[in-house]
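Working notes, structure below.
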Amino acid sequence: MTPRKTRQRHQNSTAPAQPAVIQASDYESEAYYQGPITTRTNTELNLSVLRHHVPSIRSILSIAPSAQIYTYLPATTSWNKTDIEGTLFVCQLAPLPLSDAPQYCIVVLNRKGLENLIVHMNGIENVEITEEFLIVGVRSLDHGQQQNLEDADMKAIGLFIHADKQDTREVNCRLIKEKWEEVRLTGSGNAVTEPSNLGPMVGRRLSLTDLFGQQGVQ
Numbered sequence: 024m025t026p027r028k029t030r031q032r033h034q035n036s037t038a039p040a041q042p043a044v045i046q047a048s049d050y051e052s053e054a055y056y057q058g059p060i061t062t063r064t065n066t067e068l069n070l071s072v073l074r075h076h077v078p079s080i081r082s083i084l085s086i087a088p089s090a091q092i093y094t095y096l097p098a099t100t101s102w103n104k105t106d107i108e109g110t111l112f113v114c115q116l117a118p119l120p121l122s123d124a125p126q127y128c129i130v131v132l133n134r135k136g137l138e139n140l141i142v143h144m145n146g147i148e149n150v151e152i153t154e155e156f157l158i159v160g161v162r163s164l165d166h167g168q169q170q171n172l173e174d175a176d177m178k179a180i181g182l183f184i185h186a187d188k189q190d191t192r193e194v195n196c197r198l199i200k201e202k203w204e205e206v207r208l209t210g211s212g213n214a215v216t217e218p219s220n221l222g223p224m225v226g227r228r229l230s231l232t233d234l235f236g237q238q239g240v241q
């Protein structure tokens, strides 16, 4: 007896094809999104740094690339070179509350250390320009000044602005004196008539030119 052949079952070619399963991708949700790149100007970058130290700064009026700070030491009647050296900025500040009087400050961002020099012009009692230096007599320094300035109990600061092709020394010296005079004339600075505690200068009005010319620089 001949065995029966097993019938071969073939898949129906006319049956509809099953669609391939596509795995959901969360690439878009995981991919890093980079927003539009904004270009900040040098002025914007400088303002950002300056406002970290003085939030009330409104604008930068002038810049000197490099300035060295000296202080007068009454104990030794001499000028001392400090550890503060860096870019000098002359800035306009926002007006004080209930006042529209102009406010300005001098900022030296120290490239040698963490402490900077910040002098508000309404705290300056005298400004004089010599052949090489800008000398300011101050009543007070901004809180947190470098320790050697506080220890010296000094009242005078000498700013040596390094010369460059743009004559920033002359420009900044003249501008600082003009803005200081403006502050005094508008009443936002208090004129000081009492003698300053500067050793040999006690008893008469502070003459920074005489003082700086007579004393040595260390």
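Just add 23 to the spot in the sequence shown (first one is 1) and you have my numbering. The C-beta atom is built at its ideal place from N, Cα and C for all residues, glycine as well. Bear in mind the structure is a predicted one, so any value in this text is a computation, not a measurement.
Rounded to whole angstroms, the gap between the alpha carbons of R74 and I80 is 6 Å.
Taken atom to atom, the span from the alpha-carbon of E205 to that of Q126 is near 9 Å. Cβ neighbours of K135 within its own chain (closer than 6 Å, five residues either side excluded): D106, E108. Per DSSP, reduced to three states, the secondary structure at R63 is coil, with no helix or strand assignment. The C-beta distance from L116 to V72 rounds to 16 Å, too long to meet the 8 Å contact threshold. Comparing C-alpha distances from N139 to each of V130, N145, R207 shows the shortest one belongs to V130. The straight-line gap separating the alpha-carbon atoms of W203 and I83 is approximately 15 Å. The three-state secondary structure of R207, taken from DSSP, is helix. From the listed residues V142, L68, E67, P88, the smallest Cα separation to G181 is found for V142. For L96, the uninterrupted beta strand (DSSP E) segment begins and ends at 80-96. Here A179 really is in contact with I158; their C-beta atoms are around 6 Å apart, less than 8 Å. The beta strand (DSSP E) runs of length 3 or more contained entirely in the region 97-126 are, from start to end of the chain, 101-116. The three-state reading of DSSP puts E201 in helix, counting H, G and I together. Of P88, T66, R63, the smallest CA-CA separation from N195 is found for P88.
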